[in-house]
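Residue numbers are given in the UniProt record's numbering: position 169 of the sequence shown equals residue 169, and the series is strictly consecutive.
Remarks on the structure that follows.
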Amino acid sequence: MSILDEIFAHKRIEVAKTKRKISTVDLESAIKYLPPPVAFATALKDVANVTPRLIAEVKYRSPSKGILCPDFDPLNLARIYAENGVAAISVLTDEKYFGGSLEYLKSIANLGLGLPLLRKDFIFDPYQLIEAREAGASAILLIVAMLGSTQLSELLSVAKEIDLGALVETHTREEVEQALEAGAHVIGVNNRDLHTFNVSLETSLELRPLIPENVVMVAESGIHTQEDVSRLSAAGVDVMLIGESLVTALDIGAKVREFTT
1 MSILDEIFAH
11 KRIEVAKTKR
21 KISTVDLESA
31 IKYLPPPVAF
41 ATALKDVANV
51 TPRLIAEVKY
61 RSPSKGILCP
71 DFDPLNLARI
81 YAENGVAAIS
91 VLTDEKYFGG
101 SLEYLKSIAN
111 LGLGLPLLRK
121 DFIFDPYQLI
131 EAREAGASAI
141 LLIVAMLGST
151 QLSELLSVAK
161 EIDLGALVET
171 HTREEVEQAL
181 EAGAHVIGVN
191 NRDLHTFNVS
201 LETSLELRPL
211 IPENVVMVAE
221 SGIHTQEDVS
231 RLSAAGVDVM
241 LIGESLVTAL
251 DIGAKVREFT
261 T
């Protein structure tokens, strides 16, 4: 069993427990009159003359590296990101494997930073989309390797109905094709193989030509240096999701500026 399979098995149990505490009907009622969130895809395109555009991640730990940020303060991180010109903020909400929380997302949303917030989790059930919307998310992560074509299309349809954007994550040529067929407007290419945890920027470089210009491509994972950013930018990758190298930096704001100037 790969780590992705293990996480998915745990997540099914977790979501079932949550549903018993808060019904889908109650969540749907809670989002009924919420104003539309900041448009995710639009924000990734519209940051004036800033290349690359960053989705900066609020991340405490990871299964492969353990604790990344011992003095973790999600609200302060979000403020620093916003003050230094990121295009969007990704908030990990998986608790067991990443030390995240839906409460972090809610608290950051309440700051009113004016940036789109991505709920980054292992999402497979429409309930999680409604939950994300209620918590203040503008978009959710959908991992093709975990979902398959039919489920991906269904979740994208639900997301559209409730004004949620989606970052559709891929790792292979076949997964990019599935994402495009499902109508994804923002496609992430994860440089990390979720089955082996091996990381290579070549994944983004190889898959970039498959993604049309009218679809936003986001490079994810393994981006640590200005050289990494320059390689991706030269290949036409304008949006990058970066977490580990930001939260482990001595001066987080300076690191954001280093990547965007």
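Note that beta-carbon positions come from the ideal geometry of N, C-alpha and C, so glycine has one too.
This structure is a prediction, so every number in the text was calculated from the model and none was measured.
Within 9 Å, strictly: CB atoms of residue i and residue j
{"i": "VAL247", "j": "TYR104", "result": "no"}
{"i": "GLY183", "j": "LEU156", "result": "yes"}
{"i": "GLU95", "j": "ALA30", "result": "no"}
{"i": "VAL86", "j": "LEU115", "result": "yes"}
{"i": "LEU194", "j": "ILE242", "result": "no"}
{"i": "ASN190", "j": "GLU220", "result": "yes"}
{"i": "MET146", "j": "PHE40", "result": "no"}
{"i": "SER245", "j": "THR261", "result": "no"}
{"i": "ALA166", "j": "ILE140", "result": "yes"}
{"i": "PRO52", "j": "VAL215", "result": "no"}
{"i": "VAL229", "j": "TYR81", "result": "no"}
{"i": "SER173", "j": "LEU232", "result": "Note that residue 173 is Arg in the sequence shown, not Ser. Going by C-beta atoms, ARG173 is not nearer than 9 Å to LEU232."}
{"i": "VAL58", "j": "PRO74", "result": "yes"}
{"i": "PHE208", "j": "ALA179", "result": "Here the sequence assigns Arg to residue 208, which means Phe is not the residue at that position. No, the pair does not count as a contact, with Cβ atoms beyond the cut-off."}
{"i": "ALA109", "j": "LEU44", "result": "no"}
{"i": "LEU27", "j": "ALA78", "result": "no"}
{"i": "HIS10", "j": "TYR97", "result": "yes"}
{"i": "ALA132", "j": "LEU164", "result": "yes"}
Where the beta strand (DSSP E) through residue i begins and ends
{"i": "ILE187", "result": "186-190"}
{"i": "LEU54", "result": "53-58"}
{"i": "THR203", "result": "Careful: THR203 lies outside any beta strand (DSSP E), inside the alpha helix (DSSP H) at 202-207."}
{"i": "LEU241", "result": "239-242"}
{"i": "LYS120", "result": "117-120"}
{"i": "LEU167", "result": "165-170"}
{"i": "ALA219", "result": "216-220"}
{"i": "ILE143", "result": "139-143"}
Exposure label - residue i; buried when at least 16 CB within 10 Å
{"i": "PRO70", "result": "exposed"}
{"i": "ALA137", "result": "buried"}
{"i": "ASP121", "result": "buried"}
{"i": "ILE55", "result": "buried"}
{"i": "LYS32", "result": "exposed"}
{"i": "SER2", "result": "exposed"}
{"i": "SER200", "result": "exposed"}
{"i": "THR150", "result": "exposed"}
{"i": "VAL218", "result": "buried"}
{"i": "SER64", "result": "exposed"}
{"i": "GLY222", "result": "buried"}
{"i": "VAL168", "result": "buried"}
{"i": "SER23", "result": "exposed"}
{"i": "VAL25", "result": "exposed"}
Terminal residues of the alpha helix (DSSP H) in which residue i lies
{"i": "THR150", "result": "149-161"}
{"i": "SER90", "result": "Taken as a continuous stretch (DSSP letters only), SER90 belongs to no alpha helix (DSSP H), being part of the beta strand (DSSP E) at 88-92."}
{"i": "VAL38", "result": "Careful: VAL38 lies outside any alpha helix (DSSP H) and carries neither H nor E."}
{"i": "ALA30", "result": "24-31"}
{"i": "LEU111", "result": "No alpha helix (DSSP H) contains LEU111, which DSSP labels as neither H nor E."}
{"i": "VAL15", "result": "3-21"}
{"i": "PHE259", "result": "252-260"}
{"i": "PRO126", "result": "126-135"}
{"i": "PRO63", "result": "Looking at the DSSP string, PRO63 is not in any alpha helix (DSSP H), and its letter there is neither H nor E."}
{"i": "LEU34", "result": "Looking at the DSSP string, LEU34 is not in any alpha helix (DSSP H), and its letter there is neither H nor E."}
{"i": "ASP228", "result": "226-234"}
Distance cut-off 8 Å: residue i Cβ against heavy atoms of the ligand FMN
{"i": "SER200", "result": "Looking at this structure, you won't find the ligand FMN or any other ligand, since it has none at all."}
| Three CB pairs or more closer than 8 Å across the region 194-209 and the region 13-25 | no
| Contact between the region 150-168 and the region 122-129: three or more CB pairs below 8 Å? | yes
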